[in-house]
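Undergrad: Here you go, one structure.
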Amino acid sequence: MSGPDRDEGWCGKVVDDEHGVDLPGATSGPSEAEARRIVDLVTKVWYALTPEQAEQIHTTLRGANPQHIISDPWLFNALLLSEHLTERAGAEPDQRGLVETSADMSGYAAAVLRNATSSDEVVAIGSALVIGYRVQGDLDGAEQIGESVEQRLEELGRQGRGLTTRPATRPGQLSMQRGLTATLRGDFARAMTLYSTAYSQMGEPPYRHFAGVNAAANAAMLSVLEGHIDLAGQWLERTAAFTDRSGWSGYLVYLGEYVARALLAVDRLDRPAAETALELAGPASVQAELWPFVAVAHCAAELAFGEPYRAHEQLRAAAFAHNHRLSDSTYCGHILLRAYLNTLVAQGDCVTVIRLAEAAGNPTRTLLPVARAHLRSGRYDDASRLALKGIRIDDLSVRDIRELRLVRAVAMLRSGRKEEAAQVFSVFQRTSDAFTAAMRARIGAQDLADLTALVDAGSPAPRPVTVVETPTLTNAEMHVLNLLADGRTIAQAAEASFTSPNTVKTHVKSIYRKLGVSTRSDAIARAEQLGLL
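In this text, residue positions in the sequence shown follow full-length UniProt numbering: the first is 1, and each later residue adds one.
Here is the structure:
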């Protein structure tokens, strides 16, 4: 693939019509022995290929017969890699040009993959094809290709052709790339499984560890994002054992680690550490595939240490650089939409937060910013109820569950439910540590002081466990209860139920009697406690 500034006078170009590949015209190419030495070198050192080696390879191969190069995928890979490192590597820390080459070569890679006969070839070409589909924006296609390549490897193994007398040349690469695909699709649990597989397949440094370390870095990033701090620490310890970060591939391999360290630093309000990690991660508009996570980390840091409007503008700029719309973003499990809502809450635009979340179908990752929006706008019952709903969702992140407890405690405090507020806050305190500092900072200092005082003043002996019998409400009563919890009036509830206001009043009286309360707010609070809402 010719570089953008290349002087083509020395060779001209030959175009392979079948695969759409531009290659230098043939002059005098390398001998067969030279070609084998090049392939052996590139295959062996992988991401550790130096710019000096790349320049020598490029000088040798640019005069080769193009059909000879195209017929050997390893030689073709050597040409593309050496050309990139010679012409563009220093100007692109994210190596975007090399990544995009995988997209340009998708047709060629697919043709080669059909005829591949060794596991090494299947992994190398299959991984490139997965990357190519991702770069083109086809994440579902990338997932399907990854699955089919995995099946092809299993087939070769059954035939005995996947076995080799030498170590695999790309250990963990396919699993790592499939994990990255799952990450961008927002399937973080599956991504973690694939990253763990890639790490377990990792080879020894200095040449065969790259995919495993890359997987560990990304696993650390996802662990932090979901609030699994101890797990993130384990993955970061694994990446810390490697120091080869100055080479051309270092940024892509370790980017997930930099994002993880930035998010951890923000969590504990360690501004110098956050700034150091973000400098390594690059700008929010970086052209790496993990750009959404980089943008989210920058946004979190600006919200914690800077100004909400700057966080909003930086996030918008990052999305603009990638032609991405934030208001209905589903990318990477809604993390960009979540960050966008966080900036709006911080600026006090709570109505827009609720509207955008509803328009997106209220995905679970928007629960926390919506609850905070209700809290900030004085809708304490709504904030408390939504927080409780989130806490009870099995797959909600640990990070969000912790902060929702804090939001619920504050909402109850402000609505006068002090005993319940103290109970919820005491649960938050038991999980609070250095990494919940940013959560606490998002709550008013006076609210925190009041909640702490309530807990300290109470400190009663643990109550004996009692079995509470949940009253049985009819379907009609449950329907009315939910309408009341949504803030509907008697008339509105009657209209929504296709019945008369008198019938609704009868249901309300029955609900109050069964719950042992006399007001709407007490009924909603009691229903929340019993899990009826």
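Think of the CB as a built atom: it goes at the ideal place given N, C-alpha and C, for glycine as much as any other residue.
These figures come from a predicted structure and were not determined experimentally.
So, at 6 Å on beta carbons, what are the nonlocal neighbours of GLY227 in its own chain, with the 5 sequence-adjacent residues on each side left out?
TA: Contacts found: SER397, VAL398 and ARG399.
Undergrad: ALA216 and THR239 - do their beta-carbons sit closer together than 7 Å?
TA: Their beta carbons are under 7 Å apart, which means THR239 touches ALA216 by this criterion.
Undergrad: Report the three-state DSSP secondary structure of ARG392 (helix, strand or coil).
TA: Coil, per DSSP.
Undergrad: Starting from the C-beta of GLU100, find all residues in its chain whose C-beta is less than 7 Å away, skip the five residues before and the five after it, and write them out in chain order.
TA: Taken in chain order, the residues that qualify are VAL135.
Undergrad: Relative to the C-alpha of LEU303, which residue among ASN342, ALA284, TYR331 and ALA288 is closest?
TA: For the residues ASN342, ALA284, TYR331 and ALA288, the minimum Cα distance to LEU303 belongs to ASN342.
Undergrad: Assign PHE210 to one of two classes, buried (16 or more other C-beta atoms within 10 Å of its C-beta) or exposed (fewer than that).
TA: Under this definition PHE210 is a buried residue.
Undergrad: Would you kindly report the start and end of the unbroken alpha helix (DSSP H) that includes SER510?
TA: Its alpha helix (DSSP H) spans residues 501–515.
Undergrad: Helix, strand or coil: how does DSSP classify GLN529 here?
TA: Three-state DSSP puts GLN529 in a helix.
Undergrad: Just the Cα atoms here: how many angstroms apart are LEU84 and ILE57?
TA: What sits at residue 84 in the sequence shown is His, not Leu. Near 11 Å, if we compare the C-alpha coordinates of ILE57 and HIS84.
Undergrad: Go ahead and label ILE393 buried or exposed: buried means 16 or more other beta carbons lie within 10 angstroms of its beta carbon, across all protein chains shown.
TA: The residue in question, ILE393, is exposed, as its Cβ has fewer than 16 Cβ neighbours within 10 Å.
Undergrad: Alpha carbon to alpha carbon, how far is PHE498 from MET478?
TA: Distance between the alpha carbons of PHE498 and MET478: 15 Å.
Undergrad: Report yes if the CB atom of GLU191 is closer than 7 Å to the CB atom of SER175, and no otherwise.
TA: Residue identity differs from the one stated: residue 191 is Ala in this sequence, not Glu. No. Outside cutoff.
Undergrad: Counting only runs that start and end within the stretch 390–452, where is the alpha helix (DSSP H) found for 4 or more residues in a row?
TA: Qualifying alpha helix (DSSP H) stretches, in chain order: 398–414, 418–431 and 437–441.
Undergrad: Given LYS505, which residues of its chain have a CB within under 8 Å of its CB, disregarding the five upstream and five downstream residues?
TA: Around LYS505: ILE490.
Undergrad: Got a sec? Which residues, its chain only, sit under 8 Å from TYR380 by beta carbon, not counting five neighbours each side?
TA: Excluding positions up to five away in sequence, the list reads HIS374, ALA411, MET412, ARG414 and SER415.
Undergrad: Which same chain residues end up closer than 7 Å to SER426 when comparing Cβ atoms and leaving out the 5 residues on each side of it in sequence?
TA: Once the five neighbours on either side are set aside, the close Cβ partners of SER426 are VAL455.
Undergrad: Measure the C-alpha to C-alpha separation of ALA527 and LEU533 and round it to an integer number of angstroms.
TA: If you take the alpha carbons of ALA527 and LEU533, they lie about 6 Å apart.
Undergrad: Unbroken alpha helix (DSSP H) runs of length 4 or more, entirely within the stretch 99–128: which are they?
TA: Listed in chain order, they are 106–115.
Undergrad: Return yes when the Cβ of GLY141 is within less than 7 Å of the Cβ of TYR133, no when it is not.
TA: Yes, Cβ-Cβ distance for TYR133 and GLY141 is below 7 Å.
Undergrad: For the stretch 129–199, list the alpha helix (DSSP H) runs that are entirely contained and at least 4 residues long, ordered along the chain.
TA: 139–159 and 173–185, all fully within the stretch 129–199.
Undergrad: For the alpha helix (DSSP H) that ASN342 lies in, which residues bound it at each end?
TA: Residues 331–346.
Undergrad: Would you call ASP267 buried or exposed, if buried means 16 or more other Cβ atoms sit within 10 Å of its Cβ?
TA: So ASP267 ends up on the buried side.
Undergrad: How far does the alpha helix (DSSP H) with ALA211 in it reach, from first residue to last?
TA: Per DSSP, ALA211 belongs to the alpha helix (DSSP H) from 210–226.
Undergrad: For PHE242, which three-state DSSP category applies?
TA: PHE242: coil per DSSP, three-state reduction.
Undergrad: Is it a yes or a no for the stretch 298–312 touching the stretch 266–283, going by three-plus beta-carbon pairs under 8 Å?
TA: Verdict: yes, contact present.
Undergrad: Tell me the rounded alpha-carbon separation between ASN502 and ALA494.
TA: Looking at the two C-alpha atoms, the distance is approximately 8 Å.
Undergrad: Among the residues of its own chain, which have a CB less than 8 Å from the CB of PRO464, if the five just before and after it don't count?
TA: Since pLDDT at PRO464 reaches only 49, below the 50 mark, its modelled position is unreliable, and the value read off the structure follows with that caveat. Nothing listed; no residue qualifies.
Undergrad: Cα separation between THR169 and ARG208?
TA: Cα to Cα, the separation comes out at about 7 Å.
Undergrad: Where do the N-terminal and C-terminal ends of the alpha helix (DSSP H) with PHE76 fall, by residue?
TA: Residues 73–87.
Undergrad: Would a C-beta distance cut-off of 7 Å place ALA128 and ALA109 closer than the cut-off?
TA: Going by C-beta atoms, ALA128 is nearer than 7 Å to ALA109.
Undergrad: The alpha helix (DSSP H) spanning ALA291 covers which residue range?
TA: The sequence shown places Trp at residue 291, not Ala. It spans 291–305 - the alpha helix (DSSP H) in which TRP291 sits, taken as one unbroken run.
Undergrad: Where does ASN475 sit, in a helix, a strand or coil, going by DSSP?
TA: DSSP places ASN475 in helix when its eight states are reduced to three.
Undergrad: On the three-pair Cβ rule with 8 Å, is the stretch 470–488 touching the stretch 508–524?
TA: Yes, they touch.
Undergrad: If you drop the 5 nearest sequence neighbours on each side, which residues of the same chain put their C-beta closer than 7 Å to that of ARG417?
TA: For ARG417, where only same-chain residues beyond five positions count, the Cβ hits under 7 Å are ALA525.
Undergrad: For ALA360, report the span of its alpha helix (DSSP H) as first-last.
TA: Run containing ALA360: none; DSSP gives neither H nor E here.
Undergrad: What residue does the alpha helix (DSSP H) around PRO308 start on, and which one ends it?
TA: Start and end: 308–321.
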